[in-house]
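Trainee: This structure is in structure tokens; I'll ask about it shortly.
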Amino acid sequence: MHKPSPPLEGPDAFQDQIRIVLVETSHSGNIGAVARAMKNMQLANLWLVNPNSFPDEASYARAAGASDILDRAKVVSTLDEALEDCVMVLGTSARGRKIPWPVVPPPEAAVIAAENSQAGPVALVFGRENHGLSNDELHRCHYHIHIPSNPEYSSLNLSMAVQIMCYELRMLYLRNLERGEGSHYLRSMTAPGDDGWDVPAAKVGDVEGFYSHLEQTLHDVDFHRRDNPRQLMSRLRRLFQRAKLDQMEINILRGVLSAVQKAAGASGNNKSTQAGNPPAGQDDGHV
Ligand code: SAH
6 MHKPSPPLEG PDAFQDQIRI VLVETSHSGN IGAVARAMKN MQLANLWLVN PNSFPDEASY
66 ARAAGASDIL DRAKVVSTLD EALEDCVMVL GTSARGRKIP WPVVPPPEAA VIAAENSQAG
126 PVALVFGREN HGLSNDELHR CHYHIHIPSN PEYSSLNLSM AVQIMCYELR MLYLRNLERG
186 EGSHYLRSMT APGDDGWDVP AAKVGDVEGF YSHLEQTLHD VDFHRRDNPR QLMSRLRRLF
246 QRAKLDQMEI NILRGVLSAV QKAAGASGNN KSTQAGNPPA GQDDGHV
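Structure below.
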């Protein structure tokens, strides 16, 4: 993306308080992939409960540039140790349980995590690749986060489940930043006039000048007959209005029209008047 990442600073930045807890992960490559998913979303606190193999080559290989997250990962032998000082615990599972636990979808879970992170560490707990979290482990959580996946095939890869939750947390963080500081991280940049577009949007007068020039050129090449217009100009207007032209695009298009008019004139078809042509120096399409 073209925009810089906001800084992660201050003891109360909620990312610092969010703890990603992986329970008895069997494939260490997944631990590396989780580190990468976290760092992409600017999270850093990874706790590993009794991992099958860690640290090892596979985890570092999959972490790519996020090996610092693995270096700082805390390895503990029980889930209780990972949760002891937390004020809020959210467990993730693809499966419904016999005794249903309060279930929240990822965006609401992110709100709960962010709100509680004001008071202390918040844990997001992820289960084993082969059989997830046990009922006992889920019952240590205040909420059960369910990612609403395909009911026929509901279980995500561990790191992808982590990625979704970290993404939700980041979206929330950026939205809050947007509201609080008037920053622009979530605004789209798709057309002239949007923050970041390289050329100013064309003004109505310039666009009208282009339409006149276009109509004249189409007339010069015998495509457009003013005695039988067939809504041609309305349809072309609608096409160009959809494009939301910028000033440079107008100049290019007018340069093209001038070249067409010149060529048509050279072959003896030019019926153009100068009316509607752009001022000298603006119509050459040189950009
Ligand atoms: N076979 C396991 C699923 C393991 S997937 C089972 O039946 O529970 C590994 C972990 O990814 C899960 O323990 C959970 O933490 C997370 N996960 C995968 N799919 C998920 C989903 N749809 N919703 C919430 N968490 C999910």
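Residues are numbered in this note's numbering as their position in the sequence shown, beginning at 1, plus a constant of 5. By construction, the Cβ of each residue, glycine as well, lies at the ideal position given by its N, Cα and C atoms.
1) For lysine 103, count the other beta carbons within 10 Å of its own beta carbon; 16 or more makes it buried, fewer makes it exposed. Which is it?
2) Comparing C-alpha positions only, which one of Asn121, Pro110 and Ile74 sits nearest to aspartate 90?
3) Any contact between the segment 50–68 and the segment 19–36? By contact I mean 3 or more CB pairs, one from each, below 8 Å.
4) Report whether the distance from the Cβ of alanine 71 to the nearest heavy atom of the ligand SAH is below 7 Å.
5) Please confirm if the segment 91–100 is in contact with the segment 129–139, defined as three or more CB-CB distances below 8 Å between the two stretches.
6) Would you report the Cα separation of alanine 119 and tyrosine 190, rounded to the nearest angstrom?
7) My assumption, with CB atoms under 8 Å, is that arginine 67 sits in contact with glycine 37. Please give the rounded CB distance.
8) When the Cα of proline 197 is compared with those of Gly125, Pro156, Arg247 and Ser217, which residue comes out closest?
9) What are the boundary residues of the alpha helix (DSSP H) that histidine 218 is part of?
10) What residue does the beta strand (DSSP E) around tyrosine 148 start on, and which one ends it?
11) Whose C-alpha, out of Glu86, Val80, Ala40 and Ser64, is nearest the C-alpha of alanine 71?
12) Within this structure, are the beta carbons of tyrosine 216 and methionine 238 separated by less than 8 Å?
13) What do you reckon, is the C-beta of histidine 136 under 7 Å from a heavy atom of the ligand SAH?
14) State yes or no: is the C-beta of aspartate 199 within less than 8 Å of the C-beta of glutamine 252?
15) Sorry if obvious, but does the Cβ on arginine 67 come closer than 7 Å to a heavy atom of the ligand SAH?
16) Any heavy atom of the ligand GTP inside 7 Å of the beta-carbon of serine 160?
Mentor: The structure says:
1) Residue numbering aside, residue 103 sits at position 98 when the sequence shown is read from its first letter. Result: exposed.
2) Locating residue 90 in the sequence shown gives position 85, counting from the first residue. The option with the nearest alpha carbon to aspartate 90 is Asn121.
3) Flag = yes, the segment 50–68 and the segment 19–36 touch.
4) Translated into positions along the sequence shown, residue 71 becomes position 66. Answer for alanine 71: no, Cβ out of range of the ligand SAH.
5) The segment 91–100 vs the segment 129–139: in contact.
6) Translated into positions along the sequence shown, residue 119 becomes position 114. Translated into positions along the sequence shown, residue 190 becomes position 185. As the crow flies, the alpha-carbon of alanine 119 is around 19 Å from that of tyrosine 190.
7) The residue labelled residue 67 in the question sits at position 62 within the sequence shown. The residue labelled residue 37 in the question sits at position 32 within the sequence shown. At roughly 3 Å, the Cβ-Cβ gap stays under 8 Å, so arginine 67 and glycine 37 are in contact.
8) Along the sequence shown, one-based indexing puts residue 197 at 192. When only C-alpha atoms are compared, the closest one is Arg247.
9) Indexing the sequence shown from 1 puts residue 218 at position 213. Element bounds for histidine 218: 209–225.
10) If you number the sequence shown from 1, residue 148 lands on position 143. For tyrosine 148, the enclosing beta strand (DSSP E) begins and ends at 148–150.
11) Sequence index remark: in the sequence shown, residue 71 carries index 66 (1-based). Closest in alpha carbon position to alanine 71, among Glu86, Val80, Ala40 and Ser64, is Ala40.
12) For the purposes of this step, residue 216 is taken as residue 211 along the sequence shown, with counting starting at 1. For the purposes of this step, residue 238 is taken as residue 233 along the sequence shown, with counting starting at 1. Their beta carbons are under 8 Å apart, which means tyrosine 216 touches methionine 238 by this criterion.
13) As a working mapping, residue 136 is identified with position 131 in the sequence shown. Yes; taking the cut-off as 7 Å, the Cβ of histidine 136 has a heavy atom of the ligand SAH nearer than that.
14) Along the sequence shown, one-based indexing puts residue 199 at 194. Along the sequence shown, one-based indexing puts residue 252 at 247. No Cβ-Cβ contact shorter than 8 Å links aspartate 199 with glutamine 252.
15) Counting from 1 along the sequence shown, the entry for residue 67 is found at position 62. Outside the cutoff, so no.
16) This structure lacks the ligand GTP; its bound ligands are the ligand SAH.
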